[in-house]
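In my numbering, the protein residues as written are 28 to 605.
Ideal Cβ placement from N, Cα and C applies to all residues, glycine included.
The structure is reproduced here in structure tokens:
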């Protein structure tokens, strides 16, 4: 960072010296500076550029890394670099006149990162009165901008508005002695509580149906909650409870290898990022914080252990509190989140994340698009031991490659059934975040017992076809023999082209035999999938892609199972491990 080398959103290590705050250094596209923020085309699919790059850099997460370096070494060069970069950013981005003022969410995240960074270096000799005055003027402008550009949605708001409110609360607390600060804080706090109650479903899942955005919003809500608690606010008990429910979903969705499944959109977004080396799909650090705040040994058991965030967010003896939490023999069991359309079935060896969620806030809606979900109903991820076998291929990018964007959110890129080459949702082609028609889940039932855990679901995504089809899928985890059975039943009429896709993790290869496949996994754990159907099927291996982090895609292989048959029909997949 001192040398202005950045690695953001799949760019690889890139030198940006002097820092150009308006540049997408992945594509080379540069937004003109000095332009009124409302005059920019915020999402322009014609320039092959990604506006997230300059905005992510301007969020200033890297200031937290410099601040930590200063606290550890007391070397003034780190404090000086933070000061120089903030001053340079202010000069290069006049208020409301650059691409980095185009989104109030980014403005809010930037302001809070600046506040944390300056707090780290406040005792430095480099921090002079002239700089503090410059900083305070800019922070005030940030608060004014957020308050007058709130991203409140209709009929409901999402992660952008949550970030706006977090920014208003932090800035309002900072400017508490002036009228505007009091207004920001009071209005922000009232809306903050309202949004937690609205955006977080009763089961604890953030309604946008994305594990990545769940993590982001959990940071926004939890870190702001901790600040309010530190400053003596009386926080309603239901707010504390609802945030804890978010952690409950988090601990259940984390896979045995410690990483989150890539459900829905994934853009690496965070509120405050203290560890640049932590992989973005590792969400266990949140459980370390939750273990101390909620005094739960189970959170500790599945957490990242002692982390730097304990020092920055919690009390001074949080390390000791974490260490003293007792060990527990409790293990995670299967759990359903019906209001979100998610179900996780597991035993000591097998983990399956089942997604039958749809793309709206409430699963019975069909027209009100409002989430970061994909066309992935009845898709799943599967792991055995600490090895991920079948995965969701992720997101890859948003605006820079619109065609790839629709491919990665399409049905073919998920472990589910595609009929007649149609996506479950209809994508408009000119809007990478919307759908013109949305499939919705029809059935969601589950039954857990000592012998078997069973999930049954269906969706109506293909009832729009000239000859409608309803897709039913049953997952059965047979615990005694560590096997999984998946049964697909198609009801309807007509002859259809059926295509099942199975996307393997990057480390997994497989061989095709007559009616089954077997993986060739060097770790020793291998999986067989056997197919039983009353109609002919073909199996083929294809080259494919997985994106485990925004902007990066890795080569892998997928299994495609094809059939051309009459509906109604039935097929069974038996998954075992050898």
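Any beta strand (DSSP E) of 3 or more consecutive residues that is wholly inside the segment 474 to 535: Runs of the beta strand (DSSP E) inside the segment 474 to 535: 479 to 486, 496 to 505, 510 to 519 and 522 to 530.
Residue environment, residue 301, which counts as buried when at least 16 other CB atoms sit within 10 Å: In the chain shown, residue 301 corresponds to position 274, counting from 1. When all chains shown are included, residue 301 counts as buried.
Residue environment, residue 182, which counts as buried when at least 16 other CB atoms sit within 10 Å: Taking the chain shown and counting its residues from 1, the one referred to as residue 182 is at position 155. Around the beta carbon of residue 182, fewer than 16 other beta carbons sit within 10 angstroms, so the residue counts as exposed.
Residue 258, buried or exposed, once every other Cβ within 10 Å from all chains shown has been counted against 16: Within the chain shown, residue 258 is the residue found at index 231, counting from 1. Exposed.
Residue burial classification, residue 239 (beta-carbon count within 10 angstroms, cutoff 16): Translated into positions along the chain shown, residue 239 becomes position 212. Buried, since its Cβ has 16 or more Cβ neighbours within 10 Å.
Inter-stretch contact (C-beta, 8 Å, three-pair minimum) for the segment 413 to 430 and the segment 70 to 78: As far as the Cβ criterion goes, the segment 413 to 430 touches the segment 70 to 78, which means the pair count is three or higher.
Cα-Cα separation, residue 572 to residue 153: As a position in the chain shown, residue 572 is number 545, starting the count at 1. As a position in the chain shown, residue 153 is number 126, starting the count at 1. For residue 572 and residue 153, the gap between their C-alpha atoms comes out near 48 Å.
Beta carbon of residue 246 nearer than 8 Å to that of residue 177: For the purposes of this step, residue 246 is taken as the residue at position 219 of the chain shown. For the purposes of this step, residue 177 is taken as the residue at position 150 of the chain shown. Their beta carbons are not under 8 Å apart, which means residue 246 does not touch residue 177 by this criterion.
For residue 494 and residue 139, the rounded distance between their alpha carbons: Within the chain shown, numbered from 1, the residue matching residue 139 stands at position 112. Within the chain shown, numbered from 1, the residue matching residue 494 stands at position 467. So the alpha carbons of these two residues sit roughly 54 Å apart.
Among 459, 522, 158 and 515, the one whose alpha carbon lies nearest that of residue 69: Mapped onto the chain shown, residue 69 falls at position 42. If we check each option's Cα against that of residue 69, 459 comes out closest.
Cβ neighbours of residue 480 in the same chain (closer than 6 Å, five flanking residues each side left out): Within the chain shown, residue 480 is the residue found at index 453, counting from 1. Around residue 480: 361, 372 and 504.
Cβ contact (3+ pairs, closer than 8 Å) linking the segment 103 to 111 and the segment 254 to 273: No, because fewer than three Cβ pairs between the segment 103 to 111 and the segment 254 to 273 fall closer than 8 Å, the two stretches do not touch.
Per DSSP, cross-strand counterpart(s) of residue 572: What you label residue 572 is simply residue 545 of the chain shown in a count that begins at 1. Note: residue 572 sits in a beta bridge opposite 582.
Sequence-distant residues of the same chain with beta carbon closer than 7 Å to residue 627, five excluded per side: Residue 627 cannot be examined here, being either before or after the span of the chain that is shown, 28 to 605.
Inter-stretch contact at 8 Å, needing at least 3 Cβ pairs: the segment 530 to 546 / the segment 577 to 584: Under the Cβ criterion (8 Å, minimum of three pairs), the segment 530 to 546 counts as touching the segment 577 to 584.
Cβ shell of residue 91 (< 7 Å), same chain only, five flanking positions each side left out: As a first step, residue 91 is located in the chain shown; it is residue number 64 there, counting from the start. Once the five neighbours on either side are set aside, the close Cβ partners of residue 91 are 140, 143, 144, 299, 300 and 301.
Extent of the continuous beta strand (DSSP E) to which residue 370 belongs: One-based indexing of the chain shown puts residue 370 at position 343. Here the beta strand (DSSP E) through residue 370 covers 369 to 373.
Rounded separation between residue 329 and residue 293 - CA only: The residue labelled residue 329 in the question sits at position 302 within the chain shown. The residue labelled residue 293 in the question sits at position 266 within the chain shown. A direct Cα-to-Cα measurement between residue 329 and residue 293 gives close to 22 Å.
For residue 230, the three-state DSSP class (helix, strand or coil): Translated into the one-based positions of the chain shown, residue 230 becomes position 203. Here residue 230 sits in coil by DSSP.
Nearest-angstrom Cα separation, counted from residue 524 out to residue 224: Translated into the one-based positions of the chain shown, residue 224 becomes position 197. Translated into the one-based positions of the chain shown, residue 524 becomes position 497. Here the C-alpha atom of residue 224 lies approximately 44 Å from the C-alpha atom of residue 524.
Same chain, Cβ closer than 7 Å to residue 151, five either side skipped, listed in chain order: Residue mapping note: residue 151 aligns to position 124 of the chain shown, counting from 1. If we look at residue 151 and ignore the five residues flanking it on each side, its Cβ neighbours are 97, 103 and 106.
Whole-angstrom distance between residue 410 and residue 207, CA atom to CA atom: Residue 207 sits at position 180 when you count from the first residue of the chain shown. Residue 410 sits at position 383 when you count from the first residue of the chain shown. Cα to Cα, the separation comes out at about 52 Å.
Closest by C-alpha distance to residue 357, when choosing among 339, 323 and 337: Here the question's residue 357 lines up with position 330 in the chain shown. With distances taken between Cα atoms, residue 357 lies closest to 323.
Chain-order list of residues whose beta-carbon lies under 6 Å from that of residue 607 (same chain, five-residue window excluded): This structure cannot speak to residue 607, because the chain is shown only from 28 to 605.
Pick from 228, 442, 433 and 60 that is closest to residue 457, judged by C-alpha positions: Indexing the chain shown from 1 puts residue 457 at position 430. If we check each option's Cα against that of residue 457, 433 comes out closest.
Complete runs of the beta strand (DSSP E) confined to the segment 539 to 573 [at least 3 residues]: Listed in chain order, they are 543 to 546 and 554 to 560.
Backbone secondary structure at residue 461 - three-state DSSP: Here residue 461 is taken as the residue at index 434 of the chain shown, counted from 1. DSSP places residue 461 in coil when its eight states are reduced to three.
Where the beta strand (DSSP E) containing residue 601 begins and where it ends: Sequence index remark: in the chain shown, residue 601 carries index 574 (1-based). It spans 596 to 604 - the beta strand (DSSP E) in which residue 601 sits, taken as one unbroken run.
Which of helix, strand or coil DSSP assigns to residue 468: Within the chain shown, residue 468 is the residue found at index 441, counting from 1. Note: residue 468 maps to strand in three-state DSSP.
Extent of the continuous beta strand (DSSP E) run through residue 417: If you number the chain shown from 1, residue 417 lands on position 390. Here the beta strand (DSSP E) through residue 417 covers 414 to 417.
Option in 217, 303 and 147 with minimal Cα separation from residue 36: Here residue 36 corresponds to residue number 9 of the chain shown, with the count starting at 1. Taking only the C-alpha atoms, the option nearest residue 36 is 303.
Within the segment 303 to 375, ranges of the beta strand (DSSP E) (whole runs, at least 3 residues): DSSP runs (the beta strand (DSSP E)) wholly in the segment 303 to 375: 362 to 364 and 369 to 373.
Enclosing alpha helix (DSSP H) for residue 167 [first to last residue]: Taking the chain shown and counting its residues from 1, one reaches residue 167 at position 140. For residue 167, the uninterrupted alpha helix (DSSP H) run begins and ends at 156 to 175, by DSSP.
Nearest candidate by alpha-carbon position, reference residue 570, set 550, 594, 590 and 531: As a first step, residue 570 must be located in the chain shown, where it is residue number 543. Comparing Cα positions, the closest option is 531.
Beta-carbon contacts of residue 512 that lie in its chain and below 6 Å, excluding the five residues immediately before and after: Counted from its first residue, the chain shown places residue 512 at position 485. The beta carbon of residue 512 sits closer than 6 Å to those of 503 and 601, all from its chain and outside the five residues before and after it, given in chain order.
Enclosing alpha helix (DSSP H) for residue 46 [first to last residue]: What you label residue 46 is simply residue 19 of the chain shown in a count that begins at 1. Run containing residue 46: none; DSSP gives neither H nor E here.
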